[in-house]
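Novice: Mind having a look at this structure? Questions to follow.
Residue numbers (this note's numbering), protein chains in the order written: chain A, 1 to 243; chain B, 244 to 416; chain C, 417 to 874; chain D, 875 to 1336.
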């Protein structure tokens, strides 16, 4: 691990048991982070950009099939396989445990996407365009990415920065649950929980110790900072094929 | 006294070798005698000394230089901007080894090529006393001898089977 | 080797300089046709730069398409040169003489072509300087040497520099011949190129040593280059199909197989186009054929190991990947073609001495091998991305777009074009090697039979 | 014709061997050396026989100990692999060089082919080891639970390997046996009569012999590579969970080639020193073989690096634990020893042409490789055998170092002396220098005058 104990380390807990697949998080993320519109054509090209996405799969045989949803976003791994392959340090691991992407360094070798087991990095195949009506809706805190570079979930780093700054101005410690990425904020069933996992009292730290916890593709030893909680029903093996 | 070059052209390499023997008995050594051929011959085919060279030094020097440079670059670039990627050590030795290997080989090869050119006394501006027929399979015996012996060498060469003998223009002073 | 016919040096010169001194009709035709294909490729590169990589068919998670497949393929071809000339020089194989130059120059050109692919392939080609040149000193950021994408340029640059110098050094004596044969501006050009070479014993000795020493130095580089290229893939822990320890030697020997076959192709063409029947003789193809059998067998060993060790772990993702490679359209067809073209058809043919000495057969089989080896790279690279890991919902498939295809086609045309242009300026076959071969030929009488021998002086 | 500049030319090493120049004399000379039987030989014979007996005793004890405790068998596995890697691979040198039609191989061809007899000894170790293999269910195995696997197929492979080696030895020694049949006396004459298989040396026989040796050689090559792959996977890789290393069988085979060259160089040295064949192994042989040694040492590093590098960069937990087990953990000492002795030392020595063109330095490099390979096998097999739980995706816990006990020592002493013993005996039956090949060589090479220098001319009949 790269940073000493007392420093914040941002993490997220995803309780798969609560997810109803409403895609609110996807839309919120879309709006917050100036993600180009995913038209039907782009979807068919398999080039849709969704920093967080709801993967749905069916479990069981007809007639008694169940829809399962699992939100997948950048796992902000401790040993992120996508980082070392970048020739220009466009992505690296910062001291708060975030896997950050520096847009203006990226030359678009797309190496990181290759070595990213979760396929949560996205390449701008086209110059992003918004209809005039949406021009003013863009978030001023977030860069608009040009064509030819990679982008990915940042845990809404702009919010983290803003909240910590206000906290510092008011001369107080950051309260747990005070700051949340757009997806967490938008989730109606509080499937997603965000916080500082280095602070044992935080909600995330407690949830992460839940006996249902697992992480995607643990066999790769990437040590993600996104922790999943199993479904609590007889069909728990629904997620078994992911770890 | 001024020396001048004289070039005998032999169709048969045996004849050239005979001429060389005759010249040697007349006291000419490898210092003032050269053999020009259109293709490699076994060493000492004309009884000349096998030329010595220090070519093998060059790749070694090159390797050392290349290794040093690569070492500096690899260490410098990693320590100069210490970013953690993939939980790997800031100063990862194995990746450095790859770059250093390539650097070493690169410098070694470049130095070798320089060495080859240098050791074969090239580049040489102007070919001096020379004849195109040499590259067509003739053997040229190039002798650097005193003015007054030119005619003697000329006849000697012709006797031992030279097809043609060329003499360098006298340098005017 | 056998049936050696003594040819006077002057005839060797005029024969082998034929390409320089005359320009037949077919040369113009070929150059124009190839130039057109290259032009098409250049056009699609320009369009891609202008409109973006969206024009290609790559998508998540298959971010590398046939552009990278082709990159690996050309890197493979580039292993022909040093393989042939280095190994054969070091082992004093007589039959190397007509082969070396063509092989080396093929190396240089295919390496150049290969180098271009990743650059075209980058998302923001106008910022490539950031990739392998140090930049932005205020922030003091350099390329990350932990990235395989930085090992590649270093390896390729070394190999390209080395093999180009190798060719140039070997060219000096031939330039001297050209100098004596030409007049006017070409005479001056060649005088400069020959560095005033006169053929003294020292110069010849150095020339010979240079061949051996540089071969010795280039051999480890040549192994390292394709190993490093293979580590672009093998070190990727996230792509199950790529993460195999055997990739380095497996890629190298595969490269040698395709490279040597490419040399056979080029030699056959040289023999036909320049009428060098006296120099490129059946026994050369015979020897190359025997070499190819050995290489193919070694390659088979590595291929089997790679495949077998992958499935014997019974990891679901691996099994899914192999299932895709073997049984899913279109990969099943491609796989079948690959295994037949690269192995099952040619190798039994090469076993027969009669076939090995039939130039047409060798020509066709050598092309078959390269078709197969190209598909092999495709089979390795694409499905592995399509079946990256256990996360079934990112599985996908891929088919190239017309832009990618045209660029690939252009790369092939470009190599041919460069070779033709080269043959106009430099002899494609080393003259002095031919002459040396004749000087050093000898016969030994045993009883009634006289056996061809060779003068040995190491 | 002697000129000063002739002092250093090709002749020096082309003609470096000092044995008679005409085929007839050479044959006579070899024969006389072969028939000489010193008392030193008999002394050595009895001592080695005794030690071999001790070794067999040790093996018996080990077998009585039972097959359930795999860890106890680790060192036997290493020994078996070591003999396979050195002695049983040694014939490859002659085989490969015969395929590429090298002339310098001729004096050492028989030297390497005789090593085939050691294979018989290795079978004694192999069959008990088969018994120690765990059942296949629940673990990765290259046999996918085939009926009778791995026991039947492994046994078949290795038995064929031994038979093939013996066949090569038998056929290649036929012509010399025919000579002995006429020249020798006593028991040897009888043996020679039987082993010469009625060889008379007609043109057809020679043709057949050369052809047959070619095919058998190729077969031996394939079989040996195959056996290396089988052994390395069945007895090492598949016993360690998470050890998914596709290059390992190739690495195993490669170090077989390296040790084969080393074995030959070292035994050439012994033949010069105490074997009484000094004149027959000249700079030719040492120089050529040390070039191979350099190449193989580089390849050794290359293959090892391919594993290490991919694992180091990949960092999957299963891979990290394997690295710990066989390289940097409990077996770090043998690993670093083998790394130094298999790569650093031979590479550092053989890099220099001066060293390659000598007798002493190649011998030292060869010795270091032989020792290094020994430690290499220990770190691979002892570690693999010491793993308790062979099922699962990754290695859960790294077992502690397993040290040899007295029985292991006994077996090692016994089997090493046993190998030497068999080799000695065989070399007293079969001429250790192949008469017919050396004679053929002397016919195919002459020294000629080329203008004013002298060169060696070598004929290469198709």
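Backbone N, C-alpha and C fix where the C-beta goes; we use that ideal spot for every residue, glycine too. Please read these numbers as outputs of a predicted model, since none were measured by experiment.
#1: So which residues of chain D does residue 260/B contact, with C-beta pairs closer than 8 Å?
#2: Provide the residue(s) that pair with residue 1333/D in DSSP beta bridges, ordered along the chain.
#3: Considering only residues of the same chain and omitting the five flanking positions on each side of residue 116/A, which have a CB-CB separation below 7 Å?
#4: Could you tell me the alpha carbon to alpha carbon distance between residue 915/C and residue 361/B, rounded to whole angstroms?
#5: Residue 1249/D and residue 1212/D look like a contact to me (Cβ under 8 Å); what is the Cβ gap, rounded to whole Å?
#6: Compute the Euclidean distance between the alpha carbons of residue 416/B and residue 245/B, then round it to the nearest angstrom.
#7: Identify every residue that forms a DSSP beta bridge with residue 329/B.
#8: Counting only Cβ pairs nearer than 9 Å, list the residues of chain A close to residue 559/C.
#9: Do residue 122/A and residue 151/A have their C-beta atoms closer together than 7 Å?
#10: Closer than 8 Å, Cβ to Cβ, to anything on chain A: give me those residues from the segment 322–335 of chain B, in chain order.
#11: Check for me: the alpha helix (DSSP H) holding residue 1247/D runs from which residue to which?
#12: Run through chain A and tell me which residues come within less than 7 Å of residue 793/C, C-beta to C-beta.
#13: Between the alpha carbons of residue 709/C and residue 703/C, how many angstroms are there, rounded?
#14: For residue 83/A and chain B, any beta-carbon pair shorter than 7 Å?
#15: What's the call for residue 770/C, buried or exposed, on a 16-neighbour Cβ count within 10 Å?
#16: Assuming residue 1093/D and residue 1036/D make a contact with CB atoms under 8 Å, what is their CB distance in whole Å?
#17: Using 8 Å for Cβ pairs, my map puts residue 76/A next to residue 194/A. What's the rounded Cβ distance?
#18: Checking contacts by CB at 7 Å: is residue 416/B closer than that to chain D?
#19: Could you check the C-alpha separation between residue 1319/D and residue 989/D for me, to the nearest Å?
#20: Can you list, in chain order, the residues of its chain whose CB lies under 7 Å from that of residue 795/C, leaving out five sequence neighbours each side?
#21: Would you report the Cα separation of residue 1286/D and residue 352/B, rounded to the nearest angstrom?
#22: Taking 7 Å as the cut-off, decide whether the C-beta atoms of residue 262/B and residue 384/B are in contact.
#23: Residue 92/A touches chain B at which residues, Cβ-Cβ below 7 Å?
#24: Under DSSP, the alpha helix (DSSP H) around residue 793/C begins and ends at which residues?
#25: Can you find the residues in the same chain that come closer than 8 Å, C-beta to C-beta, to residue 1181/D, ignoring five residues on each side of it along the sequence?
#26: Which bits of chain B does residue 593/C rub up against, with CB to CB less than 7 Å?
#27: Is residue 1151/D helix, strand or coil when you go by DSSP?
#28: Which of helix, strand or coil does DSSP assign to residue 150/A?
#29: I need the boundaries of the alpha helix (DSSP H) containing residue 355/B, first residue and last residue.
#30: Less than 7 Å between the C-beta atoms of residue 74/A and residue 182/A, yes or no?
#31: Against residue 647/C, what residues of chain D qualify as contacts under a CB-to-CB distance less than 9 Å, listed in chain order?
#32: Please name the residue, chosen from 1128/D, 1129/D, 1159/D and 1153/D, that lies closest to residue 1140/D on a Cα-to-Cα basis.
#33: If we call anything under 7 Å between Cβ atoms a contact, is residue 1171/D one with residue 1217/D?
#34: What residues of chain C sit near residue 1119/D, judged by a beta carbon separation below 9 Å?
#35: Given a cut-off of 7 Å on the beta-carbon distance, is the pair residue 651/C and residue 1184/D in contact?
#36: Using a cut-off of 9 Å between C-beta atoms, extract the partners of residue 1331/D located in chain B.
Specialist: Looking at the coordinates:
#1: Against the second chain, residue 260/B aligns to sequence position 17. Ordered by position in chain D, the residues that pass the 8 Å Cβ test against residue 260/B are 1325 and 1326.
#2: Against the fourth chain, residue 1333/D aligns to sequence position 459. For residue 1333/D, the beta-bridge partners assigned by DSSP are 869/C.
#3: Start at 1 with the first residue of the first chain, and residue 116/A comes out as number 116. Excluding residues within five positions, the ones whose Cβ falls inside 7 Å are 81 and 82.
#4: What is shown of chain C runs 417 to 874, which leaves residue 915/C out entirely.
#5: Here the question's residue 1249/D lines up with position 375 in the fourth chain. Here the question's residue 1212/D lines up with position 338 in the fourth chain. About 4 Å separates the two Cβ atoms, so the contact holds.
#6: Residue mapping note: residue 416/B aligns to position 173 of the second chain, counting from 1. Residue mapping note: residue 245/B aligns to position 2 of the second chain, counting from 1. Annotation note: pLDDT 49 at residue 416/B (below 50); position unreliable, coordinate value reported separately. For residue 416/B and residue 245/B, the distance between alpha carbons rounds to 11 Å.
#7: As a first step, residue 329/B is located in the second chain; it is residue number 86 there, counting from the start. Note: residue 329/B sits in no beta bridge, so no partner.
#8: As a position in the third chain, residue 559/C is number 143, starting the count at 1. Residue 559/C reaches chain A at 87, 88 and 89, counting residues in chain order whose Cβ is nearer than 9 Å.
#9: As a position in the first chain, residue 122/A is number 122, starting the count at 1. As a position in the first chain, residue 151/A is number 151, starting the count at 1. With contacts defined as CB atoms closer than 7 Å, residue 122/A and residue 151/A qualify as a contacting pair.
#10: Within the segment 322–335 of chain B, the residues whose Cβ lies closer than 8 Å to some Cβ of chain A are 324, 326, 327, 328, 329, 330 and 331, listed in chain order.
#11: Within the fourth chain, numbered from 1, the residue matching residue 1247/D stands at position 373. That run of the alpha helix (DSSP H) goes 1234–1251.
#12: Translated into the one-based positions of the third chain, residue 793/C becomes position 377. Neighbours of residue 793/C across chain A, judged by C-beta separation under 7 Å, do not exist; the nearest C-beta is about 15 Å away.
#13: Position 293 of the third chain, counted from the first residue, corresponds to residue 709/C. Position 287 of the third chain, counted from the first residue, corresponds to residue 703/C. Rounded to the nearest whole angstrom, the C-alpha separation of residue 709/C and residue 703/C is 10 Å.
#14: The residue you call residue 83/A lines up with position 83 of the first chain. For residue 83/A, the answer is yes, since a Cβ of chain B falls inside 7 Å of its Cβ.
#15: Start at 1 with the first residue of the third chain, and residue 770/C comes out as number 354. So residue 770/C counts as exposed.
#16: Indexing the fourth chain from 1 puts residue 1093/D at position 219. Indexing the fourth chain from 1 puts residue 1036/D at position 162. Not quite, the Cβ-Cβ distance comes to about 13 Å (not below 8 Å), so this is no contact.
#17: Mapped onto the first chain, residue 76/A falls at position 76. Mapped onto the first chain, residue 194/A falls at position 194. At roughly 11 Å, the Cβ-Cβ gap does not stay under 8 Å, so residue 76/A and residue 194/A are not in contact.
#18: Residue numbering aside, residue 416/B sits at position 173 when the second chain is read from its first letter. Confidence is the limiting factor: at residue 416/B the pLDDT is only 49, short of 50, which leaves the residue's position unreliable and the question unanswerable from this model.
#19: Walking along the fourth chain from the start, residue 1319/D turns up at place 445. Walking along the fourth chain from the start, residue 989/D turns up at place 115. Within the model, the alpha-carbon separation for residue 1319/D versus residue 989/D is close to 28 Å.
#20: Reading the third chain from its first residue, position 379 is the one you call residue 795/C. Setting aside the 5 residues that flank it on each side, residue 795/C is surrounded in the same chain by 741, 747, 750, 751 and 754, each with a C-beta closer than 7 Å to its C-beta; the list follows chain order.
#21: Mapped onto the fourth chain, residue 1286/D falls at position 412. Mapped onto the second chain, residue 352/B falls at position 109. Their Cα atoms are separated by approximately 47 Å.
#22: As a first step, residue 262/B is located in the second chain; it is residue number 19 there, counting from the start. As a first step, residue 384/B is located in the second chain; it is residue number 141 there, counting from the start. Contact: yes.
#23: As a position in the first chain, residue 92/A is number 92, starting the count at 1. Listed along chain B, the residues sitting closer than 7 Å to residue 92/A by beta-carbon distance are 326, 327 and 328.
#24: Here residue 793/C is taken as the residue at index 377 of the third chain, counted from 1. Residue 793/C -> alpha helix (DSSP H) spans 775–802.
#25: Along the fourth chain, read from residue 1 onward, the residue named residue 1181/D stands at position 307. Take residue 1181/D, set aside five residues on each side of it, and the residues of its chain with a beta-carbon closer than 8 Å to its own are 1119, 1121, 1122 and 1125, in chain order.
#26: Along the third chain, one-based indexing puts residue 593/C at 177. Going along chain B in sequence order, the residues near residue 593/C (Cβ under 7 Å) are 378.
#27: If you number the fourth chain from 1, residue 1151/D lands on position 277. In the structure shown, residue 1151/D adopts coil according to DSSP, grouped into three states.
#28: Against the first chain, residue 150/A aligns to sequence position 150. Reduced to three states, the DSSP call for residue 150/A is strand.
#29: Within the second chain, the letter at position 112 stands for residue 355/B. Taken as a continuous stretch (DSSP letters only), the alpha helix (DSSP H) holding residue 355/B covers 336–362.
#30: The count along the first chain starts at 1 and reaches residue 74/A at position 74. The count along the first chain starts at 1 and reaches residue 182/A at position 182. Pairing residue 74/A with residue 182/A gives a Cβ-Cβ distance that is not under 7 Å.
#31: Counting from one through the third chain, the residue named residue 647/C turns up at place 231. In chain order, 1180, 1183, 1184 and 1187 make up the part of chain D whose C-beta sits under 9 Å from the C-beta of residue 647/C.
#32: Within the fourth chain, numbered from 1, the residue matching residue 1140/D stands at position 266. The candidate whose alpha carbon is nearest that of residue 1140/D is 1159/D.
#33: The residue given as residue 1171/D occupies position 297 in the fourth chain. The residue given as residue 1217/D occupies position 343 in the fourth chain. A distance below 7 Å separates the beta carbons of residue 1171/D and residue 1217/D.
#34: By 1-based counting over the fourth chain, the position of residue 1119/D is 245. Contact of residue 1119/D with chain C by beta-carbon distance below 9 Å involves 660, 661, 662 and 725.
#35: Translated into the one-based positions of the third chain, residue 651/C becomes position 235. Translated into the one-based positions of the fourth chain, residue 1184/D becomes position 310. Inclusion of residue 651/C and residue 1184/D in the CB contact set at 7 Å is warranted, their separation being smaller than that value.
#36: Locating residue 1331/D in the fourth chain gives position 457, where the first residue counts as 1. The contacting residues do not exist; residue 1331/D stays about 11 Å from chain B at best.
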